[in-house]
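Keeping their order, the protein sequence lines are chains A and B.
Using the working numbering, you'd call the opening residue of the first sequence number 10 and step up by one each time.
Using the working numbering, you'd call the opening residue of the second sequence number 8 and step up by one each time.
We put the CB at the ideal spot given by N, CA and C, even for glycine.
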Amino acid sequence: MHEIQIEYFALLREHTGLKRERVETQAATVEELFAELDARYQFPPMGKLKVAVNDEFHAWQAPIKQGDSIVFIPPVAGG
Amino acid sequence: MKPFAFSGDALQPELYRQAMQDVTCGGFVSFEGWVRNHNDGMEVRRLEYEAYERLGNAEGTRIVNAAITRFGVSRAACIHRTGALELGDMAVWVGVSAAHRDEAFAACRYIIDEVKQRVPIWKKEHYLNGDSGWVNCERCAGHDLKAG
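Written out as structure tokens, the structure is:
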């Protein structure tokens, strides 16, 4: 069990009603964590997502560690 | 001037242009992205940008530094707005100065293209008909977690 922090932006922030939350999770990877949260919040379809761990892009298979800060990144639209 | 930054206030292109001035340079190219009144067949009334600034600053800085190395330009920078914008407001500014124009044009194009693809910024459009939506996120079929 790891305690981690998740920060939400844009569509995810509006959908969850949260800017950030602390979560205790059994997920071993960020992909498993996303599945846990999707089951809880029923995220709307968003297309291709990326993920950041501790403010750097990571693969979905990245392991979850105690104290990690995680951000799920829906398709971006700068410019 | 930092290679990349976000600004919650109106952009100041004259100020940024001064920071690109360099006597070794024979050319300066800039790109300004503006808020337009239509997108994807919808009439746009205003929009909001929201950024994941910690990662966005790091990724934006990597893009600008890569452009300087790859195209051999002298100076380059990019600033992106966050917050509420009205029609006609400037959403993004890119500037590049170089000894010759070819590399300045190429580097400027590279920076805006990469920023649009890679920097975590989201745009919410508010439409004339009262609807709103996060650009590129809505009306998708599902979640796709594949890399690349």
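Taking DSSP's pairing of strands, which residues face residue i in a bridge?
i	result
R82 of chain B	B:S104
N46 of chain B	B:M49
L22 of chain B	Looking at the DSSP assignment, L22 of chain B forms no beta bridge with any residue, so it has no partner.
W41 of chain B	B:M97
R88 of chain B	B:S14
V32 of chain A	A:I13
L54 of chain B	B:L92, B:E132
From residue i to residue j, what does the alpha carbon distance come to, in whole angstroms?
i	j	result
S104 of chain B	Y59 of chain B	28 Å
F66 of chain A	K59 of chain A	7 Å
R24 of chain B	R125 of chain B	24 Å
M8 of chain B	A84 of chain B	7 Å
A17 of chain B	R88 of chain B	7 Å
I79 of chain A	A37 of chain A	13 Å
G56 of chain A	A148 of chain B	7 Å
A65 of chain B	G95 of chain B	28 Å
N136 of chain B	E50 of chain B	8 Å
E145 of chain B	P84 of chain A	10 Å
A68 of chain A	V30 of chain B	44 Å
G76 of chain A	V36 of chain B	44 Å
H107 of chain B	A44 of chain A	51 Å
I73 of chain A	G67 of chain B	26 Å
H11 of chain A	H150 of chain B	25 Å
E55 of chain B	R69 of chain B	25 Å
W156 of chain B	G15 of chain B	In the structure as shown, chain B starts at 8 and stops at 155, and residue 156 of chain B therefore has no counterpart that could be examined.
I118 of chain B	E110 of chain B	12 Å
K123 of chain B	G87 of chain A	5 Å
E28 of chain A	G102 of chain B	At residue 28 of chain A the sequence reads Lys, which differs from the Glu that was named. If you take the alpha carbons of K28 of chain A and G102 of chain B, they lie about 33 Å apart.
I128 of chain B	M97 of chain B	15 Å
According to DSSP, is residue i helix, strand or coil?
i	result
N72 of chain B	helix
N64 of chain B	helix
Q14 of chain A	strand
K9 of chain B	coil
E145 of chain B	coil
Y59 of chain B	coil
K57 of chain A	strand
K131 of chain B	strand
T25 of chain A	helix
D109 of chain B	helix
L46 of chain A	helix
V80 of chain A	strand
D151 of chain B	strand
> Counting Cβ pairs closer than 8 Å, one from the region 106 to 116 of chain B and one from the region 69 to 80 of chain B, do we hit at least three?
Replying inline: The region 106 to 116 of chain B is in contact with the region 69 to 80 of chain B.
> Can we say the region 37 to 51 of chain B touches the region 42 to 60 of chain A, given the rule of at least three CB pairs closer than 8 Å?
Replying inline: Three or more Cβ pairs closer than 8 Å define a contact, and the region 37 to 51 of chain B falls short of that threshold against the region 42 to 60 of chain A.
> Given a limit of 8 Å on CB to CB distance, which residues of the region 117 to 136 of chain B reach chain A?
Replying inline: Per Cβ criterion, the list reads I119, V122, K123, Q124, R125, V126, P127, I128, W129, K130, K131.
> In chain order, what residues of the region 26 to 47 of chain A put their CB closer than 8 Å to some CB of chain B?
Replying inline: Taking 8 Å as the Cβ-Cβ cut-off, the region 26 to 47 of chain A approaches chain B at E40, F43, D47, given in chain order.
> Of the residues that make up the region 46 to 64 of chain A, which ones have a beta carbon closer than 9 Å to any beta carbon in chain B?
Replying inline: Residues passing the 9 Å Cβ filter: D47, F52, P53, P54, M55, G56, K57, L58, K59, V60, A61, D64.
> What residues in the region 28 to 60 of chain B have a beta carbon less than 7 Å from any beta carbon of chain A?
Replying inline: Flagged, chain order: G40, E57, Y59.
>> Residues of the region 66 to 84 of chain B in Cβ contact with chain A at a cutoff of 7 Å, in chain order, please.
In response: Within the region 66 to 84 of chain B, no residue qualifies.
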